[in-house]
Each structure stands twice: as C-alpha cells, then as structure tokens.
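This report refers to the structure that appears directly beneath it.
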Amino acid sequence: MTALFFYLFSTVTVASAFMVIAARNPVHSVLYLILAFVNAAGLFLLMGAEFLAMILVVVYVGAVAVLFLFVVMMLDVDFAELRQGYLNYLPVGALIGLIFLVELVLVVSTWTVSPTALQLPLAGSPTVEALTNTEAIGRVLYTRYAYFFQASGLILLVAMIGAIVLTLRDRVGVRRQIIAVQVARTPEEAVEMRSVPSGRGLPEEVS
Amino acid sequence: MSTTFMATGFWPALPEIILALGALALTLVGAYRGERSTVIVGTGAFVVILLALVAVGITPRTRVTTFGGSYISDDFARYMKALVLLAAAATIALSSDFMERQRFARFEYPLLILLSTTGSMMMISANDLIALYLGLELQSLAAYVICAIHRDNVRSSEAGLKYFVLGALSSGMLLYGASLVYGFTGTVSLPAIAASVQGQAPIGLTLGLVFLAAGIAFKLAAAPFHMWTPDVYEGAPTPVTAFLASAQKVAAIALAVRVFIGGFPSVAESWQQIIVFVAILSMLIGSFAAIGQTNIKRLMAYSSIGNIGYALIGLAAGTPEGIQGIIVYMAIYLAMTLGAFAVILGMRRGDTYVEGIDDLSGAAQTHPWRAFALAMMLFSLAGIPPLAGFFAKFYVFAAAIQANLFVLAVIGVVTSVVGAYYYIRIVKIMYFDAPRPAFERLPDGPQAVLIACSVVVVLFWMIPAPLVSSAESAARSLFN
C-alpha cells in the first residue's frame, strides 16, 4: 500500500514539476508548483515525517506559492513574446538534451548502490516509537544544530536588509499622516475666528 | 549524536560571533539614526573587523571542533580568516570616499560587508556540508546586494541581477552534489565522509563530487564557470569589485581546500582530474581573453580568473607543499589585487571615475608615485622577480613539479608569459605614451591601502620567512 502511494505521489510530483516549466500560462505554472509541493508533502508523510509535511504545506503552499501567484498576476509579462526564439533554438537544445540523455543512461546502467550505504542514514535517527518527530526536531534544533539555526537567522537578516536597501525609496512630496502633530494641535492654531460681514462671504485667500 | 550543549563550545567561534554581534549592533545604530549614521557605521564596521582579527590571533593554534563537529578551528582556518579580515578591512578603507562621491553612501553597505565576511569565515571553518552551504549562502547573498547597491546605475543593477541569477543556479548545483554525497556516504560531516569512502568511489559519489566542484568553481570564478565575472566586476561599484576579487576569492579557495583535502582524500584521483582541467582552462582564458580588454576592471576580472587557475595548481597537487603554495599565493594575490584597485579608485577626473586603460596614458609624468606603485603591482602579477608575485608562482609550480604534474607546470609558465604581455602593456602605456589630464588627489583610505600593499609586494623578498613558515604550519594542520 505504501509503495502504491509512493509511486502515486512521486509520479504526480515529477509530472507537475515538468508542467511548471512547460505550461503556457504562468498562473498555471504556479498552480502546478503548488501541486508539486502538496505531493512532496505526501512523500514526507509516507516517510513518517508528518511535521515536515505539515510545515511544507503551511509555509510553501500557504505563503510562498500564494505570494508567487500574486506576483505573477500583477506582472504584465508577455510570455508569448518571450518564446519567440524557442523554435529556432529547438534543434540545438534537442541535440544537447540527447547527449545528456545518452550520458545519463550510461551512468545509470552502471549504477550500484552499496548495501551498507543504505543503512547509514538510518543509524543516527531514533525510531518513530521512541518519540514523535516534532519532538525529535525540537530536541536537536536548538542544541546540536544551534550553529545552523543562528546562521540561517543571519541569512534571513541579509535578505531583509537587501530587500530594504534595493527597493525602499524616500519619495518627496508625499503627504503623510503624522498623528503626533495632529494631536498636538491646539484650538488656537487650528481654529481661526473671523467675523464675516453678512451678505458678502469670505475674501478670496481663505476659501 | 551528542546533544550536550555548553557555553564553552562557543569560544572557538569567537571571531564569527564578534562579527555577527557587531553587525547586529550596527544595524540598530543605523536603523535609529538613519542615513546620518553612515560614517559611524563605517568606522564601527572597521573596528569590529579589527576586533575579530584580534580574536583570530588569540584563538589557540590546536585543532578544535565544536557545535557537534560542524565547526573546525585549526591553523589553516586562522591563516585564511586573517587574510579575509584584512581584505574586508581594506575594502572598507577603499570605500569611504568613493561612496560619498558617487552619492550612494548608505549605512547598509558596511553592514553587508560585515555579514558577507561572517559568511566567508563560516565557509573557512566549515566541517560539514550544511555549515559549508550556509556560510556560502550568507557570503553570496550579501555580495549580490552590494553589487547592486548603486541601484540608480543600470550597470550596477545589472551586475547584481546577473550575479544573483547565476549564483542561485550554482548554489542549486552545489546542493544537488551535496545531496548525492550525503546519499552515498550517509553523512554530511567531512571527516566522516573521508572515513566512509575507501577504495573505489561509487559512481553516485563521483557524480556528487562533480556537482560540488562545479558549484565551488563558480564561486571561485574559475573557467568554465567564469562567464559572469567580467560583467559583474565591471558593473559593480569599484570597491565592491575589490571585495569580490580579494576576500571572496580567499574564502572560496579555502572552502575548496577544505572540501577536497578534508572530505575526499581517499578518492583524490577523481577530483584531481577536475581540478587540473579547471586550472588549465582558467589559466588559458585568464591570459588570452584579457589581451583585448580596454576597461581596467574587466582586465582585473580576467586577471583574477587566471590567478585562480595558478592557485588551483597547488590544489591539484594535493600535497602539503601544494596547499602551502595556495596559502602563500592567496596572501600575495590579496596584496597585489588590493593595491591595483587602490590605484583604480584614484582614477578620478573632477567628479567622474574613469575606467579605461587609455586613461592611464602617461600617468608616470602626472603621478610618478602612483604609476610606480601600479607598475610594481603589475610586474608582480606578471611574476617578475624579485617582486612578491614571483614567489607566489614559484611555490605552486614547485609543488606541481614535486607531484609530477609537469604538464600543468609547463602550461602555467607559458600562460604567465602571455599574461605578462597585457600587464606590461599597461606599464608601457603609463610610462611611454602621451600624458592625459591629471587625476584628482588619492583619498586617504586608498592611499593607506596602496602604501601597505606596495610595501608587501616590493619588500616581500627581504623577509619572506614569517609568511611562508606560518603557511607551512597551516598547510600541515590539514594533513594530520
């Protein structure tokens, strides 16, 4: 049963990953990307890593892919024009692809996986019965992997600084609401008392 | 897997911690004080780098691993970190005046240099594949941003974008290679990989090694992954180019040494062929493609490609002598490159910075000292004795011959003769062509860097011992 689902999920993942780059409409590409993420989450579930599976759905599908979708919808890119030269380069691309395919077949046909190598990755991880994998990640994330955790934090800081440096502009001539100034106004400066002569209205400069 | 966690584990990483905390503190200063704080943050960054340099000096010389074996501190790491920190300090000194004149002095710039340097130091001390990747990303991401920091300039933005797109691709290749290596050895730790690979490497591991090498060669700007280099070096602001050509290169080559010597010593034949191929191609492209250049920053880009080729000869040898050659080479390369960029930063007429090689025409008459210093840098890059560049090449070629890599050594000598043509052509333009209008006075920062680099390059032959002997002990620390 697990094998069946493994092949189901992995086939759909690979097929939708292919469609991400093959789809004509960029919005469809993003939708295929979401499909690929969801199926990858399914693969994680099969491995017993339900925490990672949920995180993948929440972060990638919930946030990243939706952001992609917004960006793609807002950008007005003429993809038909981008593909203009596609057919001209097709023969060359096909030839290079063919060479790579032959090389891959040659490599894969001599491929042997040593039986000891398969055992190695499993040696360090505790069994599912001993503790849940959320707990297992929690135990090592801030101790064994504290260094990586902090390094990732610095990388995110760089991303934030970079985004601000490259895109934030101080525009001139913008009227911003400054609440402190509004609150600090006194009746004396905010309200002007005029005695208006009846039947003549206000002079020009006030209106 | 040990989950013990003690504060004493932090001490070996003191230089990185100083840089990271310094960067955070200066971010706050900049955020609160806004654009007025540019000078304060720049000076602060300089001080933080000097503090980290002191911390590197006082770390013990013994081999220490910490953070569960992800981080290693040894003599090699100390030496390379000192080089990276010196290059970063020189970059900040070079930048001060340039940034203000080009009207994009921003407090984020020294911060990003600090963070990129932190990433470089993490790469140098990486003892497993995850630490390696995180260090590389931290260093590269900050570098992409500072390439494009002059965002109103089309060429600067283009350089940043190009570097980012190609850098992301190379990161992908590196990660794919790392995942294959992990899959076939069952571990990400470099010493454990070295221990688990015995005899004939499985084909998947070799494939992973090839992808790793491709990703690292991109960071090194070694041919055939050098395509981005001339465009990025030309488009990026000149102090940033100096930073890319100095600190980043040292970190990348230290990373290459760490991965290949530390992680795959038993399958040396598999990666030596790759390194030999990359070294030969880099030397050829670095020397022949540079001949037709008219922009001095593009010329320096090709020069850096060629120089990486020479340094990789030492890695191809794979011996302690070869690694010693790399270390000495990078130290001297740093002095030559930073010195040359200090002169390039002084090529300013009025408010415009010029970059053409023709603009140096007759500089010997208008600026005798600057022209003399640049001539020394160029003669040294060409490998003319008794300047430092000769000794740099001497050590790597000697290591290649000891390791029976005669073809590599011969190609190296031939390409350095070709390279001598375009270096000495600039000297000819400076000394024998008709003078052009004079440049402005050299600002203090570049002047200090130029004097320091000239002293190293010209007087290295008198007291080579400290540099060479400490390089030797640094190289030995990798082979225990």
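Line order of the protein sequences matches chains A and B. Residue numbers are given in this note's numbering: position 19 of the first sequence equals residue 19, and the series is strictly consecutive. Residue numbers are given in this note's numbering: position 79 of the second sequence equals residue 1079, and the series is strictly consecutive. Every residue, glycine too, gets a C-beta built ideally from N, C-alpha and C. For clarity, every value in this text was computed on a predicted model and none was experimentally measured.
| query | Looking at the unbroken alpha helix (DSSP H) that takes in VAL38/A, where does it start and where does it end? | reply | For VAL38/A, the enclosing alpha helix (DSSP H) stretches over residues 26–46.
| Own chain partners of LEU69/A with C-beta closer than 6 Å, once the 5 adjacent residues on each side are dropped | Answer for LEU69/A: VAL30, listed in chain order.
| field | Alpha-carbon spacing of GLY1199/B relative to SER1266/B, whole angstroms | value | Their backbone Cα atoms lie some 7 Å apart in a straight line.
| Local Cβ density within 10 Å of LEU1461/B, reported as buried at 16 or more and exposed below that | For the record, residue 1461/B in the displayed sequence is Trp; it is not Leu. Burial call: exposed.
| request: Decide if the region 1413–1427 of chain B is in contact with the region 1284–1299 of chain B; the criterion is three or more beta carbon pairs, one per stretch, under 8 Å apart. | output: Cβ pair count under 8 Å is three or more, so yes.
| query | Going by other Cβ atoms of all chains shown within 10 Å of its Cβ, with 16 needed for buried, is THR1229/B buried or exposed? | reply | Counting Cβ neighbours within 10 Å, THR1229/B comes out buried, since at least 16 surround it.
| query | What residues from the region 1062–1077 of chain B come within 9 Å of chain A, judged by C-beta to C-beta, listed N to C? | reply | Listed by position along the chain: THR1066, PHE1067, GLY1068, SER1070 and TYR1071.
| What's the call for GLN182/A, buried or exposed, on a 16-neighbour Cβ count within 10 Å? | Burial call: exposed.
| request: Determine the DSSP secondary structure at THR1038/B, reduced to helix, strand or coil. | output: When DSSP states are grouped into helix, strand and coil, THR1038/B belongs to the helix group.
| request: Over the uninterrupted alpha helix (DSSP H) stretch that includes ILE155/A, give me the two end residues. | output: Run containing ILE155/A: 146–167, per the alpha helix (DSSP H) assignment.
| Where LEU166/A meets chain B, residues with beta-carbon distance less than 9 Å | Scanning chain B for C-beta atoms nearer than 9 Å to the C-beta of LEU166/A yields VAL1145, ALA1148, ILE1149, ARG1151, SER1157 and GLY1160, reported in chain order.
| message | Counting C-beta neighbours from all protein chains within 10 Å, is the total for ARG144/A 16 or more, i.e. buried, or is it exposed? | response | So ARG144/A counts as buried.
| query | Which residues in the same chain have their Cβ closer than 6 Å to the Cβ of ALA1213/B, if we skip the five residues on either side of it in sequence? | reply | For ALA1213/B, where only same-chain residues beyond five positions count, the Cβ hits under 6 Å are ILE1274.
| Listed from N- to C-terminal order along the chain, which residues in the region 1089–1106 of chain B have their beta-carbon within a distance smaller than 7 Å of any beta-carbon of chain A? | Flagged, chain order: ARG1106.
| field | Segment limits, beta strand (DSSP E) that includes VAL1064/B | value | 1064–1066 is the extent of the beta strand (DSSP E) around VAL1064/B.
| query | For ALA1073/B, which of helix, strand or coil comes out of DSSP? | reply | For the sequence presented, residue 1073/B should be read as Ser rather than Ala. Strand.
| said: If we define contact as Cβ-Cβ less than 8 Å, is MET1122/B a contact residue for chain A? | reply: Yes, MET1122/B counts as interfacial toward chain A.
| query | Taking contact to mean at least 3 C-beta pairs separated by less than 8 Å, is the region 1394–1412 of chain B in contact with the region 1333–1345 of chain B? | reply | With the cut-off at 8 Å, the region 1394–1412 of chain B and the region 1333–1345 of chain B do not touch.
| message | Considering Cα atoms alone, identify which of VAL1210/B, MET1227/B, ALA1363/B and LEU1114/B is closest to ILE1018/B. | response | Proximity to ILE1018/B across VAL1210/B, MET1227/B, ALA1363/B and LEU1114/B peaks at LEU1114/B, based on C-alpha coordinates.
| Is the shortest distance between the beta-carbon of ASN1480/B and the beta-carbons of chain A less than 8 Å? | Judged by the 8 Å Cβ criterion, ASN1480/B is not in contact with chain A.
| query | Applying a beta-carbon distance threshold of less than 8 Å, which residues of chain A neighbour LEU1207/B? | reply | In chain order: VAL107.
| said: So, for ALA151/A: in the same chain, excluding its five sequence neighbours on each side, which residues have a beta-carbon less than 8 Å away from its beta-carbon? | reply: Cβ neighbours of ALA151/A beyond the five flanking positions: none.
| field | For SER1189/B, the residue or residues it bridges with in DSSP | value | Under the DSSP definition of a beta bridge, SER1189/B partners with ASP1128/B.
| query | From THR1206/B to VAL1396/B, what distance separates their C-alpha atoms? | reply | Distance between the alpha carbons of THR1206/B and VAL1396/B: 26 Å.
| field | Residues near ALA1023/B in its chain [Cβ-Cβ closer than 6 Å; skip 5 each side] | value | Annotation for ALA1023/B: LEU1111, LEU1114 and LEU1115 place their beta carbon closer than 6 Å to its own, counting only its chain and skipping 5 residues before and after.
| query | Applying the criterion that 16 or more other CB atoms from any shown protein chain within 10 Å of the CB defines a buried residue, is MET1001/B buried or exposed? | reply | With a pLDDT of 40 at MET1001/B, under the threshold of 50, the predicted position of this residue should be treated as unreliable, though the coordinate-derived value follows. An exposed status is given to MET1001/B, since fewer than 16 other beta-carbon atoms sit within 10 Å of its beta-carbon.
| task | Taking 8 Å as the cut-off, decide whether the C-beta atoms of ILE1384/B and PHE1391/B are in contact. | result | With a cutoff of 8 Å on beta-carbon distance, ILE1384/B and PHE1391/B are scored as not near each other.
| query | For VAL158/A and chain B, any beta-carbon pair shorter than 8 Å? | reply | Yes, its Cβ sits closer than 8 Å to a Cβ of chain B.
| With burial defined as no fewer than 16 other Cβ atoms inside 10 Å of the residue's Cβ, what is the status of GLU1100/B: buried or exposed? | Around the beta carbon of GLU1100/B, fewer than 16 other beta carbons sit within 10 angstroms, so the residue counts as exposed.
| message | Less than 8 Å between CB atoms is the rule here; does LEU1118/B satisfy it with respect to chain A? | response | In the sequence as presented, Leu is not what sits at residue 1118/B; that position holds Thr. Chain A places a beta carbon closer than 8 Å to that of THR1118/B, counting this residue as a contact.
| task | Give the straight-line distance between the Cα atoms of PHE1372/B and ALA1364/B, rounded to the nearest whole angstrom. | result | Spanning the alpha carbons of PHE1372/B and ALA1364/B requires a straight line of approximately 7 Å.
| message | Suppose contacts are defined by Cβ-Cβ distances below 8 Å. Is VAL1259/B in contact with LEU1132/B by that definition? | response | In this structure, LEU1132/B lies closer than 8 Å to VAL1259/B by Cβ.
| Given GLY1172/B as reference, the closest of CYS1147/B, PHE1218/B and SER1156/B once Cα atoms are compared | Looking at the Cα atoms, PHE1218/B is the closest of the given residues.
| task | List the whole-angstrom C-beta distance separating MET1330/B from VAL1457/B, where the pair is believed to meet the contact cut-off of C-beta under 8 Å. | result | Between the beta-carbon of MET1330/B and that of VAL1457/B there is about 14 Å, and that puts the pair past the 8 Å contact cut.
| Buried or exposed: ASN39/A, going by 16 or more other Cβ atoms within 10 Å of its Cβ? | Counting the other CB atoms within 10 Å of its CB gives ASN39/A a total of 16 or more, which places it among the buried residues.
| query | Which of the residues in the region 1233–1259 of chain B, read from start to end, lie with their CB under 9 Å from any CB of chain A? | reply | Taken residue by residue, none of the region 1233–1259 of chain B has a beta-carbon sitting less than 9 Å from a beta-carbon on chain A.
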